[in-house]
Amino acid sequence: MPSKFRWFVYPLAAFAGLAAIGAALALIVVLLAYPQLPSLDILTDYRPKIPLRVFSADGHLIGEFGEERRSVVPIEQVPDSLKHAIIAAEDERFYQHSGIDYMGIARAAISNLTSGGRSQGASTITMQVARNFFLSSERTLRRKVYEALMAFKIENSLTKDQILQLYINQIYLGQRAYGFAAASRAYFGKNLKDISVAEAAMLAGLPKAPSKYNPVVNPKRAALRQAYVLRRMAELGYIDEATRKAAVDQPLAVKRDSSPIAAGHQPADFVAEMARQMAVERFGDTAYSLGLRVVTTIRRDDQDAAIQAVRRGVFDYDRRHGYRGAESFVDMKDVNSDDDEVLDDLLQDVPDAAGLHAAVVLAASPTALKVYKRGGEVIALNGDAIKFAKAMLDDKAPAARKLRRGAVVRVMQDAKLGWTLAQMPEVEAALISIDSQDGAVRALVGGFDFNRNKFNHVTQGWRQPGSSFKPFIYSAALEKGYGPATVEEDTPLVVSAGETGSQSWQPKNYDGKYDGPISLRTALAKSKNMVSIRMLRSIGTRYAQDYVTRFGFDAARHPPYLTMALGAGSVTPWQMASAYAVFANGGFRVEPYVVKEITDSEGRVLARFTPRAAGDDSLRVIDARNAYLMDSMMQDVVRRGTATRALTLKRGDLAGKTGTTNDYIDAWFCGYQPSLVAIAWIGFDTPRSLGRGETGGSAALPMWVEYMRNALKDVPEMQQTLPDGLISIDAGVDSKGHPRSDLMYQEHLPPAPSSLPGEPEGPASEGELQPPAPGPSPSGHIVPGASLPAPSQPQGVRLSASPARRPAG
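Position in the sequence shown counted from 1, then plus 8, gives you my numbering.
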């Protein structure tokens with residue numbers, strides 16, 4: 009061979025030999041490693057960890073529990089815009105290569121050589137599936153070899169659409185979301201089928217680095233990545249230039265909380281937690297990964313209305329009692345501009361809650377505030393938006409609370425004013441509503457904000473009910489011969505030390521006014537304490553204590569003392585809902601329940617609750633006549649008593665009772681429309697006064713009214729049917745001289761009296777507890793030490809008897 013060719017042939021031969029050796033070694037590796045690759049059963053029989061999900065009765069997701077948030081969707085339900093975005097961002101030749109994209113590897117190698125050390129990956133979607141299911145993320149040659157071999161094996165066993173479906177459902181995308189369906193809810197509060205091209209591009213940009221391109225944490229980087237994906241989609245012909253530009257310009261409403269709840273709706277956290285506890289109690293910790301569906305009884309619209317009502321009630325109360333000043337202060341020395349990213353770091357440990365957004369004051373004057381809200385928004389506040397906090401903008405404000413640069417504050421959206429200054433409330437509130445016929449819970453709000461305070465005040469909050477307990481004493485009295493027209497004395501009363509067993513007690517009416525002889529109907533409407541106490545003394549405290557257990561109350565929490573007439577025992581809103589349902593449904597006790605069904609991931613029913621409903625004679629706890637009369641009397645509480653604020657609903661079928669405890673510590677309104685019972689409460693966790701004038705009618709009733717305005721929007725008016733066994737009586741005249749009639753048990757009709765008192769004029773009174781201070785009761789409340797003997801039967805009122813008809817006057 010001529011020497012001039014040797015310089016070409018020998019190196020070429022050497023290279024060929026090395027290539028052959030490399031190929032042989034690669035073949036040996038393949039022959040040895042391929043049989044050792046794991047089985048693909050995990051892919052062909054895909055059973056991912058699916059979290060426990062809680063749904064409303066009308067099918068809306070209200071809660072999700074589990075280490076991995078994931079919703080499995082078939083490839084047919086994935087929008088084309090998302091498929092195209094994923095392929096454009098991750099693997100443009102996905103449908104052409106056989107698991108390894110050699111052109112992509114070459115392109116990445118050239119890029120890495122020319123980019124000055126900045127590496128570019130060449131993993132295909134198939135290789136990423138292999139890594140996610142079978143391998144670790146370590147950067148070693150061994151892992152890369154196994155990844156490539158697994159990619160070949162997957163491609164030989166599954167179709168391209170099956171591989172893409174696995175990828176779409178398995179990949180981690182930040183915010184605890186696994187798979188694009190879960191990510192769609194986590195970032196945008198939308199189902200996957202409803203996302204736009206712009207949102208699809210944002211999601212498709214996440215697999216490369218979920219933490220780096222997270223639109224919640226790094227919105228600017230996420231926007232750059234989104235723009236890249238949109239550009240690649242246009243270059244590959246998936247979208248045109250006009251669509252690309254529109255998508256780049258589209259503002260995205262990114263959810264800043266990690267809840268999977270649909271945008272525009274509030275998470276029912278307290279209900280979801282109750283459902284979670286029931287599922288775990290039955291199925292153990294596996295409940296978090298089996299894909300269980302817990303269907304509750306709540307209705308989403310009712311729940312949204314209840315949350316809104318509670319929050320508004322708390323905010324209104326908070327504003328009535330003034331601004332307390334800055335929440336805390338942060339060091340602004342490293343802040344160089346009004347949109348410095350350092351500001352987000354300063355707010356990192358200050359979570360948002362219930363529509364209250366954390367913000368830092370950038371500048372303050374007596375007439376204006378400039379604040380930075382987490383996420384990059386600078387807000388100017390003035391006029392009515394800061395009127396609430398004028399005192400803390402003054403030069404004389406205490407230094408520890410004054411609003412100045414670096415002060416951490418709260419801002420919230422107002423329908424009329426836009427952004428306004430607010431503060432984190434200290435008071436708590438709760439609301440529960442149930443179907444009066446079967447006890448199904450329609451809405452439940454256990455507190456102002458679950459993430460701030462997980463204590464469920466509806467089920468766990470034992471509080472004094474105050475005057476909202478009076479209807480149960482009145483109900484007991486109806487069985488002892490009393491009627492709505494029975495006259496009792498509303499005059500001052502002193503209970504001697506001998507009677508109480510400790511010290512004398514001089515209870516008072518809330519307003520300090522006394523009306524003399526008064527009918528029970530008017531006494532309940534005006535919440536007259538003296539009448540309730542005299543009536544309880546007459547029927548006997550032991551009898552009343554036993555009687556209230558019919559409604560589900562614990563006898564031990566209602567000691568047999570006269571203060572029981574003023575609600576000195578302990579109840580929960582949950583109990584009060586069940587108890588008031590007895591009056592609403594005609595005398596049947598129904599148990600509230602919140603979970604109606606649990607199914608597995610395949611839809612098979614694992615547990616179902618079938619309630620017994622009103623009308624079942626085994627559930628009757630009071631006479632139908634008793635329920636009818638109490639309903640009639642509590643409707644008068646709304647018409648002319650302490651709950652006239654409810655008249656704004658313009659309905660004639662509302663009934664209920666306000667409740668205020670001693671020193672305004674608890675405020676209640678317990679009421680219903682025949683089909684729906686709702687209980688509202690407000691107070692402090694560590695009992696202290698809400699402030700003078702904060703009665704059930706002013707602090708709790710507005711929450712009830714706002715909730716019922718939404719819950720009863722399409723519900724027709726209805727009235728209870730008049731039961732047999734009641735007789736209509738003439739009951740004198742009212743304060744304007746108009747004749748009155750009323751009803752009572754036929755067998756309790758007393759002899760006619762010689763004269764009848766007129767009804768007193770004057771405002772309604774909100775009952776207030778004023779017990780003495782002897783020994784503590786089992787519930788921890790101060791009550792008299794002994795019960796009193798029952799005196800003679802009450803005097804009834806009758807001019808003439810006639811067949812039963814609705815009370816008039």
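Using N, Cα and C, we set each Cβ at its ideal position, and we do this for glycine too.
Just so it is clear, the structure is predicted and the values come from calculations on it, not from any experiment.
{"Asked": "Give the DSSP-derived three-state secondary structure of residue 747 in the structure shown.", "Found": "strand"}
{"Asked": "Taking all protein chains shown into account, do 16 or more other C-beta atoms lie within 10 angstroms of the C-beta of residue 500, making it buried, or fewer, making it exposed?", "Found": "exposed"}
{"Asked": "Considering residue 228, what are the terminal residues of the beta strand (DSSP E) in which it resides?", "Found": "Careful: residue 228 lies outside any beta strand (DSSP E), inside the alpha helix (DSSP H) at 227-243."}
{"Asked": "Report the rounded CA-to-CA distance for residue 81 versus residue 177, giving the unit in angstroms.", "Found": "7 Å"}
{"Asked": "Please state whether DSSP places residue 487 in a helix, a strand or coil.", "Found": "coil"}
{"Asked": "Quick one: what's got a C-beta closer than 7 Å to residue 310's C-beta in the same chain, skipping five residues either side?", "Found": "441, 450, 451 and 719"}
{"Asked": "Among 732, 748, 730 and 274, which residue has its Cα nearest to the Cα of residue 738?", "Found": "748"}
{"Asked": "For the putative contact between residue 381 and residue 343, defined by C-beta atoms under 8 Å, what is the C-beta separation to the nearest angstrom?", "Found": "Actually they do not touch by this definition, with Cβ atoms about 14 Å apart."}
{"Asked": "Counting only the same chain and skipping the five closest in sequence on each side, list residues whose C-beta sits under 7 Å from that of residue 235.", "Found": "256"}
{"Asked": "Would you say residue 434 reaches chain D, if we count a Cβ-Cβ gap shorter than 8 Å as a contact?", "Found": "Going by chain labels, chain D is absent from the structure shown, which holds only one protein chain."}
{"Asked": "So residue 299 and residue 58 are supposed to be a Cβ contact under 8 Å. How far apart are they, rounded?", "Found": "3 Å"}
{"Asked": "Going by other Cβ atoms of all chains shown within 10 Å of its Cβ, with 16 needed for buried, is residue 373 buried or exposed?", "Found": "exposed"}
{"Asked": "In whole angstroms, give me the CA-to-CA distance for residue 661 and residue 651.", "Found": "13 Å"}
{"Asked": "In angstroms, rounded to a whole number, what distance separates the CA positions of residue 584 and residue 193?", "Found": "37 Å"}
{"Asked": "Between 489, 655 and 533, which has its C-alpha nearest residue 543's C-alpha?", "Found": "489"}
{"Asked": "Terminal residues of the continuous alpha helix (DSSP H) containing residue 632?", "Found": "632-648"}
{"Asked": "I'd like to confirm the pairing. Which residues does DSSP put opposite residue 582 in its beta bridges?", "Found": "DSSP lists no partner for residue 582."}
{"Asked": "Evaluate contact between the region 203-219 and the region 87-102, counting only Cβ atoms and requiring at least three cross-stretch pairs below 8 Å.", "Found": "yes"}
{"Asked": "Leaving out five residues on either side along the sequence, give the residues of the same chain with a beta carbon under 6 Å from the beta carbon of residue 103.", "Found": "168"}
{"Asked": "Does residue 105 pass the burial test, meaning 16 or more other C-beta atoms within 10 Å, or should it be called exposed?", "Found": "buried"}
{"Asked": "What's the call for residue 712, buried or exposed, on a 16-neighbour Cβ count within 10 Å?", "Found": "buried"}
{"Asked": "Roughly how many angstroms lie between the CA atoms of residue 525 and residue 723, to the nearest whole one?", "Found": "39 Å"}
{"Asked": "Under the assumption that residue 512 contacts residue 502 (Cβ atoms under 8 Å), give the Cβ distance between them as a whole number of angstroms.", "Found": "6 Å"}
{"Asked": "Is it true that the region 584-593 meets the region 553-563, where meeting means three or more beta-carbon pairs spaced less than 8 Å apart?", "Found": "yes"}
{"Asked": "Starting from residue 665, follow its DSSP beta bridges and name the residues at the other end.", "Found": "678"}
{"Asked": "Straight-line CA distance for residue 610 to residue 295?", "Found": "14 Å"}
{"Asked": "Straight-line CA distance for residue 680 to residue 642?", "Found": "10 Å"}
{"Asked": "For residue 469 and residue 482, I'd like the C-alpha separation in whole angstroms.", "Found": "25 Å"}
{"Asked": "Across which residues does DSSP place residue 605 in a beta bridge pair?", "Found": "303 and 616"}
{"Asked": "Provide the residue(s) that pair with residue 58 in DSSP beta bridges, ordered along the chain.", "Found": "298"}
{"Asked": "Pick from 384, 497 and 68: whose alpha carbon is nearest that of residue 370?", "Found": "384"}
{"Asked": "Locate the beta strand (DSSP E) running through residue 497, then write down its first and last residues.", "Found": "495-498"}
{"Asked": "Assign residue 383 to one of three DSSP states: helix, strand, or coil.", "Found": "coil"}
{"Asked": "Below 7 Å CB to CB, which residues in the same chain sit around residue 637 once its five sequence neighbours on both sides are set aside?", "Found": "486, 492 and 751"}
{"Asked": "For residue 612, which residues from the same chain have a beta carbon less than 8 Å from its beta carbon, with the 5 sequence-adjacent residues on both sides left out?", "Found": "none"}
{"Asked": "Under the three-state reduction of DSSP, which class applies to residue 357: helix, strand or coil?", "Found": "coil"}
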